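Q: Take a look at the following structure, please.
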Amino acid sequence: MNRKVSKFLKDYRVILLIVLVAASITAISTMGIQQGLDLQGGSLIQIQLERPVDAATMNTVTSVLDKRLNIFGVKDVKVRASGDQNVIVEIAGVQPDQVADIVGKPGKFEAKIGNETVLTGTDIVSVQPPIITGNEWEVPFRLSTDGARKFAEAARGKAGEPVKMYLDDRLITAPEISAEVATGKPVTDVRITGAENSKAEAEVQAKEIETLLKSGSLPVKVKIVGVSSVSPELGKQFAEGAVIAGLLAVLAIAVILIVRYRSPILVLPIFFTTLAELLLILGAAAVIRWNIDLAAIAGILAAIGTGVDDQIIITDEVLSGEGRRTRRKFRIKDAFFIIFASAGTLIAAMLPLAYIGFSRGATGIGLLAGFAFTTVLGVIIGVFITRPVYARFIETFNVAGRK
Amino acid sequence: MGETLKVIVLIDRILKSYRPLIAIPAAITVIALLLVVFNGLNESVDLKGGALAELTLEKSVTQAELESLLREKLGTGDIKVLSIRGERVTVQFGTDMDVVKVSEALRGTATINSYKAVGPVLSKQAMNQIYWAIGFAFLFMSVTVFIIFRDPVPSLAVILAAASDIIIAVGGMSLFGIPLSLASVGAILMLIGYSVDTDILLTTRVLKRRKGTINERALGAMKTGVTMSIAAIASMAALYLVTVFVMPEARVLSDIAAVLIIGLLADILTTWLMNLGILRWYLEVRS
Chain W
1 MNRKVSKFLK DYRVILLIVL VAASITAIST MGIQQGLDLQ GGSLIQIQLE RPVDAATMNT
61 VTSVLDKRLN IFGVKDVKVR ASGDQNVIVE IAGVQPDQVA DIVGKPGKFE AKIGNETVLT
121 GTDIVSVQPP IITGNEWEVP FRLSTDGARK FAEAARGKAG EPVKMYLDDR LITAPEISAE
181 VATGKPVTDV RITGAENSKA EAEVQAKEIE TLLKSGSLPV KVKIVGVSSV SPELGKQFAE
241 GAVIAGLLAV LAIAVILIVR YRSPILVLPI FFTTLAELLL ILGAAAVIRW NIDLAAIAGI
301 LAAIGTGVDD QIIITDEVLS GEGRRTRRKF RIKDAFFIIF ASAGTLIAAM LPLAYIGFSR
361 GATGIGLLAG FAFTTVLGVI IGVFITRPVY ARFIETFNVA GRK
Chain L
1 MGETLKVIVL IDRILKSYRP LIAIPAAITV IALLLVVFNG LNESVDLKGG ALAELTLEKS
61 VTQAELESLL REKLGTGDIK VLSIRGERVT VQFGTDMDVV KVSEALRGTA TINSYKAVGP
121 VLSKQAMNQI YWAIGFAFLF MSVTVFIIFR DPVPSLAVIL AAASDIIIAV GGMSLFGIPL
181 SLASVGAILM LIGYSVDTDI LLTTRVLKRR KGTINERALG AMKTGVTMSI AAIASMAALY
241 LVTVFVMPEA RVLSDIAAVL IIGLLADILT TWLMNLGILR WYLEVRS
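As you go down the protein sequences, you meet chains W and L in turn.
Residue numbers for the first sequence follow the UniProt record's numbering, beginning at 1 and rising by one.
Residue numbers for the second sequence follow the UniProt record's numbering, beginning at 1 and rising by one.
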């Protein structure tokens, strides 16, 4: 028996599995598992632009939205483009109505001198990319002729006074009026300049001002086309429910296997293989920062389900192998033909869904891409790493070999 | 042991007259197809557009009161309270209601736990993507099966069985009112993968093994395959029961479980009556 144990432990597949399980546990405990919005609570808002835009415009749209949400004190905002016409905003732990309120309305930009509003978002025609020279920065922008006239009148003789710039009624910055602007002559091409302590800081500041100026008038109209949100309490219930369901599923499978094989010992390796698969999937998710949401949980269940199927196939092939070593080896080869063929068809069936998800982002059915990806990941881990070890175990210890 | 023997004898007898048995899953498939055509499928908010809100009531109201309150404050008639369980309520809106307005309308009456709104643009997009996803999934699966067996008749038998499973599962959705949603489409794709497992097992055992008669090989495969199916059905039943009774809001999971249970039950019939039947017929004709 001891010889068998040491032989089993020296098998490269067994060593690989042990190493990977240890690595997964380390990854899960140090990096943690990112939970999807439906488990931790939060909102996902899908925004559609009026028309498809180029990358630069898209960048403006996402940075403006990001900026505005940050100003409102919304933490943990993720704003990302999905294709050339859609933007997805993900926010953790916020009530949906608050977010929809912010995103649904255009940003309100105002510049005030004293208490008088001199510019609004509609007065800004265009904003040029910032120019950085050493520690100094400048953001050139163009005003409408109307806006330029209004501004010039208000600024006349007020050199050195601040122009207070507000976004959504919050003060963001207050550059001083230069002598040249204070002459009262209307200019449409103006700039805000400043100096920071380092080049990096200058870049950050300039970007901030650029975004601020653009926020009042997005280059395209945006519309909320979909909202999906889950409160943190409900999310917690989902997570707990999924764990309960998983445990019950394992229990149900265990009962069936015990009844079928009349060998409680056999349940142990199946249980450990299943556990190892779960750990490896979660470990991989932790490493690649993959979000675990309800769809991903369904994918994990699907992958582990095929794992149990495969273990039943292996066990039965070995059982009918009549005990002779060569015969048993042959059987396991047969079993793996079936296992790889099944895995191949499942992956083939999931690929279109995964493709839609990655190419289109999380709009429409793309939300299910997480499910497809997790299933494929789990099946690949299963057929290459965990299930061969199970086969090796059955082969070595002949647990199922009552005949 | 005597009982097992009896069962084996019974199955053996059934297997001998396999040809009429092919008709059973075939008939169920046709019935399912008719059900889908005439009874239709519900579409979830994901696909037809609209909004779905899960609420927690702050004070006790009846279904009618809540509906009329929302109708009055939101100025639209297309509002339906789907369920009230204690203080938890599910409301469906016909249009993609602005969540801000809904939460204002509910102020003092209920709070929103989860909210999902899908506009017409998105729902149309999703519907298109679903057809593509299912179509390509089935195509890729078929190609893979052909590559595996390199023999047209057994491959077609597997593909036919998988198609029947899907049709029966969709028929079951129509019968039990499970809506076509992103979740149930996920389940259908999962079913494509799952149902083919047992068919591949059967075909491999019957065609590639040399030991025993065809009947013996088929019986062995059946023992393995039915254990697989029952294990999968049991785990899905666990998932279904937990989601329905503990967290009714996790409809994603209960829909997936329900569709898979129907599909896996259908798979037992299609694999062991239809696929096996065609396979035996083929082997008989060939020899």
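Where a beta carbon is used, it is the ideal one built from N, C-alpha and C, also for glycine.
The structure displayed is predicted, hence computed values, not measured ones.
In chain L, what lies closer than 7 Å to W/Ile338 by C-beta?
A: Under the 7 Å cutoff, chain L gives Ile200, Leu201, Thr204.
Q: So, helix, strand or coil for W/Arg68, using DSSP?
A: Of the three classes helix, strand and coil, the one that applies to W/Arg68 here is helix, per DSSP.
Q: Between W/Val77 and chain L, is the shortest Cβ-Cβ distance under 8 Å, so that the two count as touching?
A: No, W/Val77 does not count as interfacial toward chain L.
Q: Using the C-alpha atoms, what's the distance from L/Val285 back to L/Ala152?
A: In the sequence as presented, Ala is not what sits at residue 152 of chain L; that position holds Pro. Computed Cα separation, rounded: 14 Å.
Q: What number of angstroms, rounded off, separates the C-alpha of L/Pro154 from the C-alpha of L/Leu279?
A: Spanning the two alpha carbons is a distance of roughly 6 Å.
Q: With 16 as the cutoff for other CB atoms within 10 Å, does residue 297 of chain L come out buried or exposed?
A: This structure cannot settle anything about residue 297 of chain L, because the visible part of chain L is limited to 1 through 287.
Q: Give me, in chain order, the residues of the same chain whose beta-carbon lies closer than 6 Å to that of L/Ala221; leave out the 5 immediate sequence neighbours on both sides.
A: So the list reads Leu201, Leu202, Arg205, once near-sequence residues are dropped.
Q: Using DSSP's beta-bridge definition, name the partner residues of L/Ser83.
A: Bridge partners of L/Ser83: L/Thr90.
Q: Give me the residue from W/Phe393, W/Val87, W/Arg142, W/Leu294 with the minimum Cα distance to W/Leu266.
A: For W/Leu266, the nearest C-alpha among the options comes from W/Phe393.
Q: From W/Asp135 to W/Thr193, what distance separates their C-alpha atoms?
A: The sequence shown places Asn at residue 135 of chain W, rather than the Asp named in the question. Taking the straight line joining both Cα atoms gives about 11 Å.
Q: Give the secondary structure of W/Val259 by DSSP, where H, G and I count as helix, E and B as strand, and everything else as coil.
A: Of the three classes helix, strand and coil, the one that applies to W/Val259 here is helix, per DSSP.
Q: Would you tell me roughly how many angstroms separate the C-alpha atoms of W/Ile88 and W/Thr60, rounded to the nearest one?
A: Looking at the two C-alpha atoms, the distance is approximately 14 Å.
Q: By Cβ distance below 6 Å, which residues in the same chain neighbour W/Ser24 in space, the five residues on each side in sequence not counted?
A: Here the set comprises Leu279, Leu280, Gly283.
Q: Cα-Cα, which of L/Gly177, L/Gly49, L/Asp165, L/Lys223 is closest to L/Lys124?
A: Looking at the Cα atoms, L/Gly49 is the closest of the given residues.
Q: In the stretch 226-251 of chain W, which residues sit with their C-beta less than 9 Å from some C-beta in chain L, listed in chain order?
A: Of all residues in the stretch 226-251 of chain W, Gly226, Val227, Ser228, Ser229, Val230, Ser231, Glu233, Leu234, Gly235, Gln237, Phe238, Glu240, Gly241, Ala242, Ile244, Ala245, Gly246, Leu247, Leu248, Ala249, Val250, Leu251 have a Cβ within less than 9 Å of some Cβ in chain L.
Q: For L/Met1, which residues of its own chain have a beta-carbon under 8 Å away from its beta-carbon, when the five flanking residues on both sides are left out?
A: Low confidence applies to L/Met1: its pLDDT is 48, below 50, so where it sits in the model is not reliable enough to give any reading.
Q: Got a sec, what are the start and stop residues for the alpha helix (DSSP H) L/Arg107 sits in?
A: Per DSSP, L/Arg107 belongs to no alpha helix (DSSP H) and is neither H nor E.
Q: What are the residues of the stretch 52-74 of chain W that lie near chain L, defined by any Cβ-Cβ distance shorter than 9 Å?
A: The residues in question: there are none.
Q: Given that a residue counts as buried once 16 or more other Cβ atoms are within 10 Å of its Cβ, and exposed if not, what is W/Tyr166?
A: Its Cβ being crowded by 16 or more others within 10 Å, W/Tyr166 is buried.
Q: At a Cβ cut of 9 Å, what residues of the stretch 296-313 of chain W count as close to chain L, listed as they run along the chain?
A: Correct list: Ile297, Ala298, Gly299, Leu301, Ala302, Ile304, Gly305, Thr306, Val308, Asp309, Asp310, Ile312, Ile313.
Q: Just checking: is the beta-carbon of W/Pro352 within a distance shorter than 8 Å of some beta-carbon in chain L?
A: Output row for W/Pro352: interface = yes.
Q: Given this structure, state the Cα-to-Cα distance separating W/Ile124 from W/Lys108, to the nearest angstrom.
A: Distance between the alpha carbons of W/Ile124 and W/Lys108: 12 Å.
Q: Under the rule that 16 or more other beta-carbon atoms within 10 Å means buried, what is L/Thr271, buried or exposed?
A: Buried: at least 16 other Cβ atoms inside 10 Å.
Q: Which first and last residues belong to the alpha helix (DSSP H) in which L/Glu65 is found?
A: 63-74 is the extent of the alpha helix (DSSP H) around L/Glu65.
Q: Assuming W/Gly378 and W/Ile292 form a contact by the criterion Cβ under 8 Å, report the distance between their Cβ atoms to the nearest whole angstrom.
A: Their Cβ separation, rounded to whole angstroms, is 12 Å, which puts W/Gly378 and W/Ile292 out of contact at 8 Å.
Q: Taking a contact to mean a Cβ-Cβ separation below 8 Å, would you say W/Thr374 touches W/Gly307 in this structure?
A: No, Cβ-Cβ distance for W/Thr374 and W/Gly307 is not below 8 Å.
Q: Under the three-state reduction of DSSP, which class applies to W/Met165: helix, strand or coil?
A: DSSP places W/Met165 in strand when its eight states are reduced to three.
Q: Say whether chain L places a C-beta atom closer than 8 Å to the C-beta of W/Asp101.
A: Closer than 8 Å to some Cβ of chain L, the Cβ of W/Asp101 qualifies, so yes.
Q: State buried or exposed for W/Asp146, treating a residue as buried only when at least 16 other CB atoms are found within 10 Å of its CB.
A: By the 10 Å Cβ count, W/Asp146 comes out exposed.
Q: Are the stretch 223-239 of chain L and the stretch 239-256 of chain W in contact at 8 Å, needing three or more beta carbon pairs?
A: Counting Cβ pairs under 8 Å, three or more are found: they touch.
Q: What does DSSP give as the partner residue(s) for W/Thr193 in the beta ladder?
A: Beta-bridge pairing links W/Thr193 to W/Glu138.
Q: Going straight from the alpha carbon of L/Ile24 to that of L/Leu269, what length do you get?
A: If you take the alpha carbons of L/Ile24 and L/Leu269, they lie about 8 Å apart.
Q: Quick check on DSSP: helix, strand or coil for L/Ser181?
A: Here L/Ser181 sits in coil by DSSP.
Q: Tell me which same chain residues have a C-beta within less than 8 Å of the C-beta of W/Pro388, skipping the five on either side of it?
A: Taken in chain order, the residues that qualify are Arg13, Phe336.
Q: Anything in the stretch 206-231 of chain L with a Cβ closer than 8 Å to a Cβ of chain W? List those residues in chain order, please.
A: Correct list: Lys208, Arg209, Gly220, Lys223, Thr224, Thr227, Met228, Ile230, Ala231.
Q: Any contact between the stretch 310-319 of chain W and the stretch 167-175 of chain L? By contact I mean 3 or more CB pairs, one from each, below 8 Å.
A: At 8 Å Cβ cutoff, the stretches do not touch.
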